[in-house]
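Residue numbers (the working numbering): 474 to 801.
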């Protein structure tokens with residue numbers, strides 16, 4: 474994924490500095506609109522015949538899915554407000570959408586030139602091997618393409634946001650949210666806690682992975698990913714002292730985010746379906762570097778440009794990224 478990048482999207486020093494300091498970056502109008510439209514068509518075409526959701530009738534677009542339409546198939550989840558499609562995650566059009574030259578250039582600018590792990594068109598989609606453990610979530614680390622479509626139906630009750638701030642447990646380097654439709658501020662947009670990646674990174678045993686507890690039927694009290702107590706304490710402090718930023722935007726926008734950034738998908742209290750695609754950009758050496766303990770320089774295995782960038786950006790730029798005052 475190297476080659477002539479002279480005509481591709483390139484981060485400015487200010488953008489790189491903001492990402493380094495805050496752990497996320499919103500890029501406007503990046504994705505190809507025709508491919509965004511194709512992605513929306515693919516998602517709607519995946520509904521079962523006779524679904525209560527009618528594309529041209531917004532009054533039908535609300536949660537929850539009725540019982541007869543509910544699916545817990547890891548390749549295609551429909552439950553309550555969640556509408557996820559992973560079976561399409563290695564289809565060529567979706568790879569073209571997310572692994573476009575502009576985003577690949579930006580990913581290599583951050584992770585290192587020539588180090589980006591390429592996708593495998595028509596390879597194994599995320600969810601093909603079922604959940605990570607019985608009754609658990611699907612493991613995003615298993616798959617040859619993007620994570621897939623993650624859509625959220627609006628909630629008629631307009632309830633207050635439920636706090637689900639977390640970090641992802643599976644190994645990856647750089648997360649990507651691709652926005653397929655205009656998402657208002659109350660529309661379930663990707664929500665982040667700026668600077669939390671710097672505070673949470675040193676609380677883990679492994680810099681890009683986490684130990685897991687096996688599942689036992691006769692010992693059901695604990696299973697899956699283990700969070701260190703230091704992590705739990707720091708996350709609690711972050712939620713108390715850091716103002717969350719809601720990364721709402723328009724069709725074609727992209728949000729980049731660091732693996733250890735605290736985040737959540739907001740509750741969709743709007744009148745439109747939140748329509749996004751998720752992806753992980755990984756270095757080719759992730760299998761080995763994920764096992765390293767946290768380093769004093771958390772950017773030691775990122776690009777020289779990231780390491781050399783001084784943290785300096787304007788108040789105006791921070792405001793455009795959703796921060797009203799610079800993070801200490």
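In this text, a Cβ means the ideal position worked out from N, Cα and C, and glycines have one as well.
Among residues of its own chain, excluding the 5 on either side of residue i, which ones have a beta-carbon nearer than 7 Å to its beta-carbon?
i	result
residue 515	561
residue 558	516, 519, 549, 621, 622
residue 526	520, 533, 534
Can you name the start and end residues of the alpha helix (DSSP H) that residue i belongs to?
i	result
residue 495	486 to 495
residue 794	Looking at the DSSP string, residue 794 is not in any alpha helix (DSSP H), and its letter there is neither H nor E.
residue 579	574 to 584
residue 673	669 to 673
residue 707	702 to 714
Where do the ends of the beta strand (DSSP E) carrying residue i lie?
i	result
residue 523	Where residue 523 is concerned, there is no enclosing beta strand (DSSP E), given that its DSSP letter is neither H nor E.
residue 663	663 to 665
When burial is assigned at 16 or more other CB atoms within 10 Å of the CB, is residue i buried or exposed?
i	result
residue 495	buried
residue 801	Residue placement at residue 801 is poorly supported in this model, since its pLDDT is 45, which falls under 50; the coordinates are not used for a value here.
residue 457	What the structure shows of the chain is the stretch from 474 to 801, and residue 457 is not part of that stretch, so it cannot be assessed.
residue 612	buried
residue 782	buried
residue 667	buried
residue 773	exposed
residue 499	buried
residue 493	buried
Can you list, in chain order, the residues of its chain whose CB lies under 6 Å from that of residue i, leaving out five sequence neighbours each side?
i	result
residue 537	553
Using a Cβ-Cβ cutoff of less than 8 Å, which residues in the same chain neighbour residue i once the five nearest sequence positions on both sides are dropped?
i	result
residue 524	542
residue 513	653, 654, 748
residue 636	712, 737
residue 598	548, 559, 560, 561, 562, 563, 616, 617, 618, 621
residue 628	535, 536, 554, 740, 741, 742
TODO: Taking 8 Å as the threshold, find out whether the region 478 to 492 comes into contact with the region 575 to 589 through three or more Cβ pairs.
DONE: yes
Open item on the list: Contact between the region 745 to 754 and the region 615 to 629 is defined here as three or more beta-carbon pairs at a separation below 8 Å; is this criterion met?
Closed with: yes
- [ ] Flag this pair as touching only if the region 671 to 687 and the region 698 to 705 have three or more C-beta atom pairs under 8 Å; answer yes or no.
- [x] yes
TODO: Specify whether the region 685 to 692 and the region 708 to 717 touch according to this definition: at least 3 beta carbon pairs, one from each stretch, less than 8 Å apart.
DONE: no
Task: Entirely enclosed beta strand (DSSP E) segments - the region 528 to 563, minimum 3 residues - done: 544 to 546, 549 to 552, 555 to 558
Open item on the list: Suppose only complete runs of 3+ residues qualify. What are the beta strand (DSSP E) ranges in the region 603 to 659, listed by chain order?
Closed with: 621 to 625, 647 to 652
Task: Stretch pair the region 641 to 650 + the region 724 to 740: three plus CB contacts closer than 8 Å - done: yes
- [ ] Any chance you could list the beta strand (DSSP E) runs of at least 3 consecutive residues sitting entirely within the region 732 to 797, in chain order?
- [x] 736 to 738, 747 to 754
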